[in-house]
Amino acid sequence: DTGVSQDPRHKITKRGQNVTFRCDPISEHNRLYWYRQTLGQGPEFLTYFQNEAQLEKSRLLSDRFSAERPKGSFSTLEIQRTEQGDSAMYLCASSLLASGGTEQFFGPGTRLTVL
Amino acid sequence: AQSVTQPDIHITVSEGASLELRCNYSYGATPYLFWYVQSPGQGLQLLLKYFSGDTLVQGIKGFEAEFKRSQSSFNLRKPSVHWSDAAEYFCAVYTSGTYKYIFGTGTRLKVLA
Chain D
-15 DTGVSQDPRH
-5 KITKRGQNVT
5 FRCDPISEHN
15 RLYWYRQTLG
25 QGPEFLTYFQ
35 NEAQLEKSRL
45 LSDRFSAERP
55 KGSFSTLEIQ
65 RTEQGDSAMY
75 LCASSLLASG
85 GTEQFFGPGT
95 RLTVL
Chain V
27 AQSVTQPDIH
37 ITVSEGASLE
47 LRCNYSYGAT
57 PYLFWYVQSP
67 GQGLQLLLKY
77 FSGDTLVQGI
87 KGFEAEFKRS
97 QSSFNLRKPS
107 VHWSDAAEYF
117 CAVYTSGTYK
127 YIFGTGTRLK
137 VLA
């Protein structure tokens, strides 16, 4: 049973550096989501893809953030010129449109620390 | 706008005691409702979900939740808490047309031995 995987699990970087995270969804799932979770808060929606098309982006996703899903399989989330406020857990989730797409399966997350 | 409120930030119960975690939502139509659990440093694990039908839903690990439309609530319950239930619990609503979850701020559960 291969669930959603994310890499790396932890990332420590210095302010101003660029970072990239990867998410591999459950293989047949065509929807993929990114959420951000800061300490003491619930996850907040960032963006989602249906196959390779990015269909919605939150206002939380500043122009320093970019996400791709080039072949409709894995996805990457890049943060350019990181700031201390970017420190958070970045969660990826996937769902299957054919079953309604309502149940999302979450990965273990990537914890980003910006020094 | 849709929203989810979890009024209790922290709850402490003794092992073996019963548990109820509160969740209120704001949405015009019948939402899809979920409860997730998150252990420290981990992702989210689905406990249970409500889409339609019977308003009392059973989940994993002995949890259940009751949907009450009149109160816009979806409270999570467990009759006897185990020490391993200590974690953070999130209520979420999925709204058709937006395709995303809106989460509450979570309730951190501490279990006393």
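Residue numbers (my numbering), protein chains in the order written: chain D, -15 to 99; chain V, 27 to 139. All C-beta atoms in this analysis are idealised placements derived from N, C-alpha and C, irrespective of residue type, glycine included.
Which of helix, strand or coil DSSP assigns to D/ASP8
The sequence position of residue 8 of chain D within the first sequence is 24, counting from 1. Here D/ASP8 sits in strand by DSSP.
Assigned exposure category for V/TRP109 - 16 Cβ within 10 Å defines buried:
As a working note, residue 109 of chain V is residue 83 in the second sequence. Looking at its Cβ environment, which holds fewer than 16 other Cβ atoms inside 10 Å, V/TRP109 is exposed.
Kindly indicate which three-state DSSP category V/LYS126 falls into: helix, strand or coil?
Stepping through the second sequence from its first residue, residue 126 of chain V is reached at position 100. Three-state DSSP puts V/LYS126 in coil, outside helix and strand.
If you measure from the beta carbon of V/LEU8 to each beta carbon in chain D, is any gap under 7 Å?
One cannot answer for residue 8 of chain V here, as it falls past the ends of chain V, which runs 27 to 139.
Counting only Cβ-Cβ distances shorter than 9 Å, please list the residues of the stretch 68 to 100 of chain V near chain D, keeping chain order.
GLN68, GLY69, LEU70, GLN71, LEU72, LYS75 and PHE77
Backbone CA spacing between V/TYR53 and V/LYS75 [nearest angstrom]:
Locating residue 53 of chain V in the second sequence gives position 27, counting from the first residue. Locating residue 75 of chain V in the second sequence gives position 49, counting from the first residue. Approximately 16 Å between the Cα atoms of the pair.
Beta strand (DSSP E) containing V/ASN56: first to last residue?
As a working note, residue 56 of chain V is residue 30 in the second sequence. Checking the sequence, you will find Thr at residue 56 of chain V rather than Asn. It is not in any beta strand (DSSP E) - V/THR56 carries neither H nor E in the DSSP assignment.
For the beta strand (DSSP E) that D/GLN(-10) lies in, which residues bound it at each end?
In the first sequence, residue -10 of chain D corresponds to position 6, counting from 1. Here the beta strand (DSSP E) through D/GLN(-10) covers -11 to -9.
Could you check whether the Cβ of D/THR86 sits closer than 7 Å to any Cβ belonging to chain V?
Numbered from 1 along the first sequence, position 102 holds the residue referred to as residue 86 of chain D. Judged by the 7 Å Cβ criterion, D/THR86 is in contact with chain V.
Check whether chain V comes within 7 Å of D/GLN25, counting only Cβ atoms and requiring the distance to be less than that.
Your numbering for residue 25 of chain D matches position 41 in the first sequence. Cβ-Cβ to chain V under 7 Å: yes for D/GLN25.
For D/TYR74, which residues in chain V fall below 8 Å Cβ to Cβ?
For this step, residue 74 of chain D is matched to residue 90 along the first sequence. Here the premise fails: no neighbours, minimum Cβ distance about 11 Å.
By the criterion of Cβ-Cβ separation under 9 Å, what are the contact partners of V/GLY123 in chain D?
Here the question's residue 123 of chain V lines up with position 97 in the second sequence. Within chain D, no residue comes near V/GLY123; the closest Cβ sits about 11 Å away, beyond 9 Å.
With a threshold of 7 Å between beta-carbons, can D/GLY93 be considered close to chain V, or not?
Start at 1 with the first residue of the first sequence, and residue 93 of chain D comes out as number 109. With 7 Å as the cut-off, D/GLY93 counts as an interface residue toward chain V.
Beta-carbon proximity list for D/TYR74, same chain, < 7 Å, skipping 5 on both sides:
Stepping through the first sequence from its first residue, residue 74 of chain D is reached at position 90. Taken in chain order, the residues that qualify are PHE5, TRP18, ARG20, LEU61, GLY93, THR94 and LEU96.
Can you name the residues of chain D whose CB is closer than 7 Å to the CB of V/TYR120?
Within the second sequence, residue 120 of chain V is the residue found at index 94, counting from 1. The answer, in chain order, is THR86.
For V/GLY69, does the count of other Cβ atoms within 10 angstroms reach 16, so buried, or fall short, so exposed?
Within the second sequence, the letter at position 43 stands for residue 69 of chain V. Its Cβ being crowded by 16 or more others within 10 Å, V/GLY69 is buried.
Report buried or exposed for V/LEU102, applying the criterion of at least 16 other Cβ atoms within 10 angstroms of its Cβ.
If you number the second sequence from 1, residue 102 of chain V lands on position 76. V/LEU102 comes out buried.
Does the stretch 77 to 86 of chain D touch the stretch 78 to 92 of chain V, meaning 3 or more C-beta pairs lie closer than 8 Å?
no
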